[in-house]
Amino acid sequence: MHDFSGAFRLALELITSGDSTLVEIVLLSLRVSLSAVGIACLIGLPLGAAIAITRFRGRGATIVLLNTLMGLPPVTVGLLLYVLLSNAGPLGILSLLYTPTAMIIAQAVLVTPIIAALARQVIEDLHAEYDEQLRSLGVGKMQS
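Under the working numbering, read the sequence shown as residues 280 to 423, first letter to last.
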């Protein structure tokens, strides 16, 4: 197996044979990713909506911060979580280091700014387009 064709052949055999170890790894990966995206949506969508429809002091800086966090390097998130979750860290007592829960936290931290920024942009555009029409239909400010 000194060439790529041998590696691809072996990978295809593992996939088609339904190797239990491979299936377990794929299911864990799906569980971690779907959980992280779900958590990120629970945080990011309301955050993006709130930023989109409210005007407050520092809104521009908040949008810039949100856009900046979209480019957060995964290595940085990993190092910060390692420091927090290691035995010597403040959350070390939870023993989460090297667990699927830690992977979910890391992925959620990476995905939340992306979801929040995209939600903010879409909701802001829709709010600007339909706000006047909604007001004429009697929809209150908090409902629109």
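Cβ coordinates follow ideal geometry from the N, Cα and C atoms, glycine included. Since the model is a prediction, treat every value here as computed from it, not as a measurement.
Excluding the 5 residues flanking it on each side, Ala398 has same chain C-beta neighbours closer than 8 Å at Gly323, Leu324, Leu326, Gly327, Ala328 and Ala331, in chain order. Here the segment 347-361 makes contact with the segment 373-385; the two share three or more CB pairs at distances below 8 Å.
In terms of Cβ geometry, Leu291 and Leu301 do not form a close pair [threshold 8 Å]. In the three-state reduction of the DSSP assignment, Ser365 falls in the coil class. Between Leu389 and the set Ser296, Gly297 and Cys320, the nearest pair of CA atoms involves Cys320. Contact annotation: Leu345 and Ala395 have beta-carbon atoms nearer than 8 Å. Ile393 and Ser314 do not touch by the CB rule: their CB atoms are close to 16 Å apart, not below 8 Å. The Cβ atoms of Ser312 and Gln412 lie no closer than 8 Å to each other. C-alpha of Leu416 to C-alpha of Asp410: approximately 10 Å in a straight line. Straight across, the Cα-Cα distance linking Leu289 with Leu307 is about 21 Å.
The beta carbon of Pro353 sits closer than 8 Å to the beta carbons of Ala385 and Leu389 from its chain, once the five residues preceding and following it are set aside; these are given in chain order.
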